[in-house]
Amino acid sequence: MIRRLVIKIQDWTEDKLRHLCGRITPEKRLAVILVMFAVFGITSLYIFVSAIYQIGKNEGQRIEIEHIEGLKLQQKDSINQLKFYDNGRKQD
Numbered sequence: 229m230i231r232r233l234v235i236k237i238q239d240w241t242e243d244k245l246r247h248l249c250g251r252i253t254p255e256k257r258l259a260v261i262l263v264m265f266a267v268f269g270i271t272s273l274y275i276f277v278s279a280i281y282q283i284g285k286n287e288g289q290r291i292e293i294e295h296i297e298g299l300k301l302q303q304k305d306s307i308n309q310l311k312f313y314d315n316g317r318k319q320d
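Position 11 of the sequence shown, counted from 1, bears residue number 239 in the working numbering, the numbering being contiguous throughout.
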């Protein structure tokens, strides 16, 4: 059901675009294509240059890395205070 609706919308859109493009002369079509090419080309160049500029912008700032602290494990059993558990750690 949804697929049929999508296909119907695609067909309608294609018919409308063909109808609009069929009414203009080939010279105007060429002009439209060239204008669209120029707009998309300038936009892509702007995005590329902007991204290159942003790479070096924060060069002076370094990322500070914090190290993970060790877990403080329980050393004594809460039920039997006489048992000592070292949890795999060496005593200093």
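The C-beta atom is built at its ideal place from N, Cα and C for all residues, glycine as well.
Please tell me whether residue 270 and residue 260 are closer than 9 Å, where the distance is taken between their beta carbons.
At least 9 Å separates the beta-carbon of residue 270 from that of residue 260.
In angstroms with no decimal places, state the Cα-to-Cα distance between residue 276 and residue 298.
A direct Cα-to-Cα measurement between residue 276 and residue 298 gives close to 44 Å.
Would DSSP call residue 262 helix, strand or coil?
Reduced to three states, the DSSP call for residue 262 is helix.
Which class does residue 253 belong to by DSSP, given the choice of helix, strand or coil?
Assignment of residue 253 by DSSP, reduced to helix, strand and coil, places it in the coil class.
Residue 247 by DSSP, collapsed to three states: which one?
Residue 247 sits in a helix when the DSSP states are folded into three classes.
Rounded C-alpha distance that separates residue 278 from residue 268:
Cα atoms of residue 278 and residue 268: separation of roughly 15 Å, rounded to the nearest angstrom.
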